[in-house]
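Peer 1:
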Amino acid sequence: MLSVRDLVVRFSTGRGVVHAVNGVSLDVEPGGTLGLVGESGSGKSVTSLAIMRLLPRGGRVVSGQVWFGGRDLLRLSAAEMRSVRGREIAMILQDPQSSLNPVLPVGEQIEEAIRAHERVSRPAARARAVELLGAVGIARPEEQLGRFPHQLSGGMRQRVMIAIALALRPTLLIADEPTTALDVTVQAQVLELLRDLTDEVGAAVVLISHDLGIMARMAGRIAVMYAGRVVESAPTEELFARPRHPYTVGLLRSIPRIGGARRALVPIEGSPPDLERLPEGCPFAPRCAWRIEACWTQNPSLATDDGPAHLVACHDPAEPEEVGPGRPIRPGFAPAPPPGIRAGVA
Amino acid sequence: MSATLLSVEALRVHIPVTRGVVLRRTTGVVRAVDGVTLDVREGETLGLVGESGSGKTTLGRAIVGLVPPTAGSIRLRGVEVSTLSGRGARRARSELQMVFQDPFASLDPRWPIARSVEEPLRLHRAGDRRERRERVLELLELVGLSRRMADRYPHELSGGQRQRVGLARALALRPALVVADEAVSALDVSIQAQILNLLQRLQEELGLAYLFIAHDLAVVHQISDRIAVMYLGQIVELSPGVDLYREPMHPYTVSLLSANPVPDPSVEAARERIVLPGDPPSAAAPPPGCRFHTRCWLRERLGDPEICRTLEPLLREVGPGRSVACHFADEAAASPVTRRAVDLAGGRA
Amino acid sequence: MIAGAVRDDAVPRRWRRALRQTGGFLRASRLNALGAGIVAAVVLLAVFGRALAPHDPNHLDLLAALKPPSSAHWFGTDNLGRDLFSRVLAGARISVEVAVIILGLSVAFGTLLGIVAGLVGGLLEEIVMRVTDLFLAFPAFILAAAIAATLGPSLNHTVLALAVVFWPWYTRLARGQVLALREREFVLAARVAGAGTMWIVLRHLLRNVLPIVVVQVSLDVGYAMLATSALSFLGLGAQPPTPEWGAIITDGRSFIQTAWWWPTFPGIALAVTVLGFNLLGDGLRDWIDPRLRGSLGGLQE
Ligand SMILES: Nc1ncnc2c1ncn2[C@@H]1O[C@H](COP(=O)(O)OP(=O)(O)OP(=O)(O)O)[C@@H](O)[C@H]1O
Ligand SMILES: Nc1ncnc2c1ncn2[C@@H]1O[C@H](COP(=O)(O)OP(=O)(O)OP(=O)(O)O)[C@@H](O)[C@H]1O
Ligand code: SF4
Ligand SMILES: [Mg+2]
Ligand SMILES: [Mg+2]
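Residue numbers (this note's numbering), protein chains in the order written: chain A, 81 to 426; chain B, 2 to 350; chain C, 30 to 330.
1) Looking at C:G66: is its Cβ nearer than 9 Å to the Cβ of C:G305?
2) Run the CB neighbour count on C:D112, radius 10 Å, all protein chains shown included, and call it buried at 16 or more, exposed below.
3) Can you round the beta-carbon distance between B:V325 and B:H251 to whole angstroms, since I take them to be within the 8 Å contact cut?
4) Report yes if the C-beta of A:D291 is less than 8 Å from at least one heavy atom of ligand 4; otherwise report no.
5) Could you check whether B:V68 and B:A284 sit closer than 9 Å to each other, using their CB atoms as the reference points?
6) Below 8 Å on the Cβ atoms is my contact criterion, and I expect B:V179 with B:M99 to pass it. Report the Cβ-Cβ distance as a whole number of Å.
7) Can you tell which of C:R236, C:R201 and C:G225 has the C-alpha that lies nearest to the C-alpha of B:S86?
8) Scan the stretch 199-215 of chain C for residues whose Cβ lies nearer than 7 Å to a Cβ of chain B and list them as they occur along the chain.
9) On a CA-only basis, which of B:G347, B:L158 and B:L200 is nearest B:D244? Give me that one, please.
10) Taking C-beta pairs closer than 8 Å, name the residues in chain C that B:M99 reaches, listed in chain order.
11) Excluding the 5 residues flanking A:V98 on each side, which residues of the same chain have their C-beta closer than 7 Å to its C-beta?
12) Taking Cβ positions, are B:V237 and B:S336 nearer each other than 9 Å?
13) Could you check whether the Cβ of B:E119 sits closer than 8 Å to any heavy atom belonging to ligand 4?
14) Report the option in B:K57, B:V137, B:A342 and B:H216 whose CA atom is closest to the CA atom of B:L172.
15) What does DSSP give as the partner residue(s) for A:N102 in the beta ladder?
16) Put B:Q235 into one of helix, strand or coil per three-state DSSP.
17) For a test of the three-state rule: what should DSSP assign to A:Q145, helix, strand or coil?
18) With a threshold of 6 Å on Cβ separation, who are the neighbours of C:A267 within its own chain once the five nearest residues in sequence on each side are excluded?
19) Given 8 Å as the limit, tell me if A:A261 has its C-beta closer than that to any heavy atom belonging to ligand 5.
20) Go through its chain and collect everything with a Cβ distance to A:P397's Cβ below 6 Å, but skip five positions before and after it.
21) Can you give the beta carbon distance from C:V207 to C:V238, rounded, assuming they're within the 8 Å contact cut?
22) Could you tell me which whole alpha helix (DSSP H) segments of length 4 or greater appear in the stretch 157-205 of chain B?
23) Look at the Cβ atom of B:T46, then the Cβ atom of B:A210, and state whether they are nearer than 9 Å.
24) Give the C-beta separation of A:A393 and A:S381 to the nearest angstrom, bearing in mind that I take them to be a contact with Cβ-Cβ under 8 Å.
25) Is B:D331 helix, strand or coil when you go by DSSP?
26) Taking the Cβ atom as the reference point for each residue, do A:M241 and A:L173 lie within a distance shorter than 9 Å?
27) Should C:F167 be labelled buried (16 or more other beta-carbon atoms within 10 Å of its own) or exposed?
28) Compare the C-beta of C:R45 against all C-beta atoms of chain B and say whether one is closer than 9 Å.
29) Is there at least one non-hydrogen atom of ligand 1 closer than 8 Å to the beta-carbon of A:V126?
30) Measuring alpha carbon to alpha carbon, tell me which of A:M171, A:P136, A:I131 and A:Q378 ends up nearest A:L156.
31) Quick one: complete alpha helix (DSSP H) runs, 4+ long, within the stretch 215-283 of chain B?
32) Does any C-beta atom of chain B lie closer than 9 Å to the C-beta of C:A7?
33) Using the Cβ count rule (16 or more neighbours within 10 Å means buried), how would you classify B:V23?
34) May I ask you to report which of helix, strand or coil DSSP gives A:M161?
35) Within 9 Å (strictly less), CB to CB, does B:R272 reach chain E?
36) Enumerate in chain order the residues of its own chain whose CB-to-CB distance from C:R314 is below 6 Å, with the five nearest sequence positions on each side excluded.
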């Protein structure tokens, strides 16, 4: 259904070129849910905006293809793309604050979204808006239609955004952190709504979130991004049971859990690389406890590992027994780059 | 047990809702916070969870003085702060600070971050320029930012770095209590872990108390000593964190636990979530009797006892440091539904 | 020690940033550079035009009446023998002055009213917004013409009339911005830190509203000049012998057959100036927008 091939996106800024996305490939089947996780700034939002052809100023797709319904979206005319957006592909933007117009009542904004694509009367659009708000769990939707965004709680604003995205029953939904401001029961309700979309309509969903619990619940497959690349991709069960990339391992170690005694969290050390000056080797090497000499000099490519469905981009993947806390002790650990190689930390 | 720092009593915040363009008329009041009583002790973290729209933000904002209370009292070390005005209020409130949710919106985009951190110092005329500058740099270091970042603009920082700036600003006036409203919700997990560790370190070093508002129960569990659960403007359960997760006593708490996603696909696959039937009731017209009765799963299982619909359960002490507002708290705690939710939330399938 | 070092660095850093941004803006599009160039030229001519003018713009020389463009009179002369080149240069100053006054009045009044309305809310906001609605319900130019006609023909009255027409736009603009900013967490943070309304208006809101107002101003300058000239053209604005472009065009209109240069050159000057400001304004708007709406705002295709 959606197939992204070797997508490269760069931003030209006053200071230099930001290598935001560096060769991302993704596939989502009809009715499937792909989870996209990764560090802040790893290019999740930029990837999804590039798919929608809604890159912010300064950003451009340097190469790659985005196949959707037999067409390469990157080659459509602006008018064709406009009719794809909203109707066939909908997106829930990460920042609900800036995606709602502060001076218009929310009802009007939903109606507008409906009427932009369908010739329906105002009352009909209004009725649909009421129905949609109900579907995303907003009580007494008629009352809320006339409210302005600032009169709603954070969670309600987010659900209004979701209602707008669902208004046209899209076949592909890209949801960028759709539930960050919602309490867990409403979150569950919204996630079920997304699941209905995949189960009943056969729509595909790309779900971006840093909540691994949500991923465990929703995603059939998870792609982990780091520094603008997919570093690991596997079916959900497999990824949680046998994480191979050291970054994925670090991610799993840094989440708090309810069960058992409280333990100190182990954040990943260091900071992500400067995307204006990417290192020659693996971008995760400076923070990695598994790094060997090759990690400093060659950027590993995404290749199969542990069976055809599990892809990982790492020279020296973690073994299952190393997933628990503590540093792996490996022969060949290379703390510093060999002479003449830039470490590339920000 | 340490001394009480902040005590909130019977606090109500009612917000009038207006409608109409030419003639604006009040069509009702939203009872965003409707009778909340709680204490925060010196140096502790009180977690606050609850349904979206239940009034957590409003409660936090009322405490720091951003919204005026309709009734009730907010006392800081015994001194009423909600009715103070002028200079006295300012001084008292400087001890109550807030960290906001959105790392993009919480810093003025046109100010270098040092200026944002300095703002509270300028407002309180603390020191001269040079002293303030020195203090700002100290604060930045305290939250783990390099001094060299002082003159950067917010858009030049990552979300996690901005959140640290927000924290530095909140600490500028040496507060006793920091209200953190979803302060880590927008951050990715490894940065979230860094900030949580930072909050804990600062608490130890500075003796801070936190009112920590969040949705993620695991995050709240990680940082809180005690946890309060809010529903429709009221606190329905308040317990030490361990007890709340091991033995929840309010049906709403149980449904929260049952909905909390667990980072383990096998647990998630085995999950039956308690679906709360119907709509969340309106905060403008809360249901009579128990506010949760319209959606309570326990009431149904108990054969719809009339008391739930007629008598409002008060928050009552049920054990050391544990309070709950439910007529059938013991039944709730003993229910197999509860046991199952607790097991799954703890990652045991 | 370190504090001093960092502080010394702060000022040049801000300047460097401004320079870099200006450079970025000019390079972003060729039209931006063209617009900025035209505007710079017009402003320079407005300031130094009188000194550069080869003749006194009001000097009559009946012997040299209605002369076509030549090396002595680049734009030719009118029926009273006045040098049109000098008059067009002088007109640049008038146009710029007029635009500055019109926009100065309407921006100062409109923006402040909008900010206060947005911040205070309630009945005040309601009244202010209804009044702006009232003004905006009339077609702008007709309203201005009506006001100018009522007050009587004169350049000052024209300026006043146009200021009356322009302010409600700024009120709306500023109020909309304030509504968006008011709930922004940095404003709340300032209040938690103990800031009062004045502090927030002066230090946070104005600075964040201003860039958008500046964009709107640069778009409106062109319209203000055009409208002034149009009112003068209708006989409501500048009166002879003021070398206002619209007034010169009116005078020369009936001579278009015999002395084409008379209405043509001031017409070109007016058109180019309006174009310059519009290009600049459009460019500024496109360029500034995404920055103001946060990281994911300002989506473009
Ligand atoms: N308009 C822009 N100009 C320059 N660089 C940009 C722009 N937008 C994004 N970037 C850069 O592109 C990179 C990827 O950003 P992106 O927003 O996709 O991250 P993300 O994975 O969605 O992170 P988060 O989890 O924080 O949302 C970042 O380093 C960011 O700084
Ligand atoms: N300015 C306002 N005007 C009208 N109603 C308001 C206003 N601010 C808040 N409310 C209402 O008050 C109630 C409580 O809102 P609040 O923001 O405190 O909830 P919350 O618990 O923080 O929710 P969330 O978890 O979604 O952030 C909601 O019903 C909300 O709609
Ligand atoms: S009092 Fe009754 S309705 Fe309310 S929570 Fe307890 S059992 Fe449910
Ligand atoms: Mg993102
Ligand atoms: Mg809130």
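Note that the Cβ used here is the ideal one computed from N, Cα and C, for glycine as well.
Peer 2: According to the structure data:
1) yes
2) buried
3) 5 Å
4) no
5) no
6) 7 Å
7) C:G225
8) R213, E214 and F215
9) B:G347
10) L217, A218 and V221
11) R90, F91, L355 and E356
12) no
13) no
14) B:V137
15) A:V88
16) strand
17) strand
18) L184, S261, E273 and A276
19) yes
20) R324
21) 7 Å
22) 160-172
23) yes
24) 6 Å
25) helix
26) yes
27) exposed
28) no
29) yes
30) A:I131
31) 218-224, 242-247, 252-260 and 266-270
32) Any question about residue 7 of chain C goes unanswered here, given that chain C covers just 30 to 330.
33) Only weak support exists for where B:V23 lies, its pLDDT of 49 falling under 50; the value from the coordinates is given anyway. B:V23 is exposed by the Cβ-count criterion.
34) helix
35) Reference to chain E is not applicable here, since the protein chains of this structure are A, B and C.
36) V244
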